[in-house]
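Here the structure is laid out as structure tokens; the discussion comes afterwards.
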Amino acid sequence: MNITRLALSAILTTFLLMSAVLPAAAQDEKSPMSEQKTLVQVLQDRDQFSALVNAVEKAELTNTLETDGPFTVLAPTNDAFAALDDSVESMSAEKLRALLRNHLLSGSVSSSQAVTAGRAQTLQGDTLSIEQSGESVMIENATVVTPDIKAENGVIHVIDAVLMSSEDAAGSMSSKK
């Protein structure tokens, strides 16, 4: 009788321990994925990107950045957009789409990978020069303020200037001096 009680106690104790540990282990496996957000969601969560989010919506790129990828987004801040002669509101959807495609790279490229490569081709077709300058990473005329913000479908590098395409640099749009 004692052996039966002892065996039953051992089985019950094992069952209780397993029922306490398994749900926590299953939750740990799901946590990283459930907390991961798309590129658009990450941008929407940060006030410093409201101009960029507006531009993405007006250029009709929201769905692409939510569902496709992976992409690397070179994300200008609101201050960077404010330095442009043209406001986001005054630009056509086509012009915004071209401007934003100059801030998108195919694939998920970390800041260290970008520096090592020394250049990157945008979805607009322009080639951007990338270099390490002291502690900073420079992409053309922009400084990377915050690198490597991970998203479910890519990575974001915060930059302090809007990158002009070769067409825009020829004079159709510029930054305020």
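The sequence shown begins at 684 in my numbering and counts up by one. Where a beta carbon is used, it is the ideal one built from N, C-alpha and C, also for glycine.
For F754, the enclosing beta strand (DSSP E) covers residues 754-759. For L811, the enclosing beta strand (DSSP E) begins and ends at 810-816. The beta carbon of L779 sits closer than 6 Å to the beta carbons of A738, K741, A742 from its chain, once the five residues preceding and following it are set aside; these are given in chain order. Secondary structure remark: continuous alpha helix (DSSP H) runs of at least 4 residues inside the segment 757-795, in chain order: 761-765, 776-784.
In the structure shown, S819 falls within a strand segment according to DSSP collapsed to helix, strand and coil. When C-alpha distances from G790 are compared across L846, G808, G752, the shortest belongs to G752. Three or more beta-carbon pairs separated by less than 8 Å are not found between the segment 808-816 and the segment 828-835, which leaves the two stretches without contact. Contact between the segment 795-803 and the segment 760-780 is not established, with fewer than three Cβ pairs separated by less than 8 Å. Its Cα nearest to that of S733, the residue D762 stands out among A825, G837, T755, D762.
Taking C-alpha positions only, T755 is separated from V845 by approximately 15 Å. Annotation: the continuous beta strand (DSSP E) that includes V827 extends over 825-834. DSSP, reduced to helix, strand and coil, places V845 outside both helices and strands of the structure shown, so it counts as coil. In this structure, the straight-line span from the alpha carbon of V736 to that of E777 is close to 16 Å. Within a 10 Å sphere around the beta-carbon of G837 sit 16 or more other beta-carbons, which makes this residue buried. The beta carbon of S794 is closer than 7 Å to those of V820, V827, P830, D831, H840 in its chain, skipping five residues each way along the sequence.
Close CB contacts of V771 within its chain, under the 8 Å cut and outside five residues either way in sequence, are with A734, N737, A738, K741, F764, L779 (chain order).
With respect to I842, L783 sits apart: the two C-beta atoms are not nearer than 7 Å.
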